[in-house]
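Residue numbers (UniProt numbering): 1 to 314. I have placed the structure first, in the form of structure tokens, so that the comments after it can refer back to it.
Laid out in structure tokens, this is it:
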């Protein structure tokens, strides 16, 4: 794009090039980030990042499939708070307190928020997450629940211009309300909210961690070898990784058919290994993996049969 459509060529060895492009990129980031909160269809992608009810380094990894983002966690940086978008300012951005909503969009320089009236300093305790928590570990729901909400609202809202507004005004908008909705409709928080946690047993949580760790090794191997893999193998591995994340979410959410899905996933693992589409990261452990996943199939298979007998498919 730059080679064919660039308007000007900036000298790379000029300090002004670096100063002005830094300000330009940061200015652009502020406005795109602000749009990601104030335009409903863009919020559908960005809300995944805000769905975490904790605020730590791992929050940066909680991403929409459509967005890459990073974060940094520290306390207060003194005078730098006046200029930079510090962790304190970004904590406010991630809060679901009323005073935190639609604030502190900046990337590096907080001056943009101060100039355009979207700055808010951290004062009362920040409660993280979405204003309407989704309370699930199921990855598809975390990623796409707001798109489903937009779709439902779009068809339930009468009038072409109202439908257009559902897409491109704020997530809190509805006919008769301001562009970003009414702040008084945002649920109040008291500061003692308990973050959503799985009701699964300790053993089941350990099992989920083990399966997630194994999935990570397959992901790393797939990423490293993607150029050498056939399209079929690559597609099957990606599907297996997504299935693993979904099954872990079902288990942690204690979904009624979690055992059925996990049985199928473990069986699929053995089939993919048998046909050469998956392999353990240490080849000598192939037999160990087969035994482990066979035991998992037996365990979850029994669980599945009990569930199907006691609660038939509806």
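Don't be surprised by glycine CBs; every beta carbon is placed ideally from N, CA and C. Remember, it's a predicted structure, so these values are computed and weren't measured experimentally.
### Message
Any contact between the segment 234-242 and the segment 193-206? By contact I mean 3 or more CB pairs, one from each, below 8 Å.
### Response
In this structure the segment 234-242 does not touch the segment 193-206; the number of beta carbon pairs closer than 8 Å is below three.
### Own chain residues within Cβ distance below 7 Å of residue 39, not counting five before or after
Within the same chain, Cβ atoms closer than 7 Å to the Cβ of residue 39 are found at 168, the five residues on either side in sequence being excluded.
### Message
Please tell me whether residue 191 and residue 142 are closer than 9 Å, where the distance is taken between their beta carbons.
### Response
Contact: no.
### Query
Given that a residue counts as buried once 16 or more other Cβ atoms are within 10 Å of its Cβ, and exposed if not, what is residue 247?
Classification for residue 247: buried.
### Backbone CA spacing between residue 20 and residue 77 [nearest angstrom]
Distance between the alpha carbons of residue 20 and residue 77 is about 25 Å.
### Message
For residue 177 and residue 171, what's the separation of their Cα atoms in angstroms?
### Response
Roughly 11 Å separates the two Cα atoms.
#### Entry: Own chain residues within Cβ distance below 7 Å of residue 185, not counting five before or after
Apart from sequence neighbours up to five positions away, the residues of its chain that approach residue 185 with a beta-carbon distance below 7 Å are 172, ordered along the chain.
### Query
Just how far apart, CA to CA, sit residue 255 and residue 44?
For residue 255 and residue 44, the distance between alpha carbons rounds to 25 Å.
### Query
Taking all protein chains shown into account, do 16 or more other C-beta atoms lie within 10 angstroms of the C-beta of residue 210, making it buried, or fewer, making it exposed?
Classification of residue 210: exposed, given that the 10 Å Cβ count is below 16.
### Message
Per DSSP, what are the beta-bridge partners of residue 95 in this structure?
### Response
The partner list for residue 95 (beta bridge, DSSP) reads 128.
#### Entry: Member of 150, 280, 123 and 29 whose CA lies at the smallest distance from the CA of residue 106
The candidate whose alpha carbon is nearest that of residue 106 is 29.
### Query
When the Cβ atoms of the segment 76-92 are set against those of the segment 156-168, are three or more pairs found closer than 8 Å?
Segments in contact, no.
### Query
For residue 272 versus residue 261, is the C-beta distance shorter than 9 Å?
Against a cut-off of 9 Å, the Cβ pair of residue 261 and residue 272 comes out as no contact.
### Query
Which residue from 249, 277 and 180 puts its Cα closest to that of residue 225?
Cα-wise, what sits closest to residue 225 is 277.
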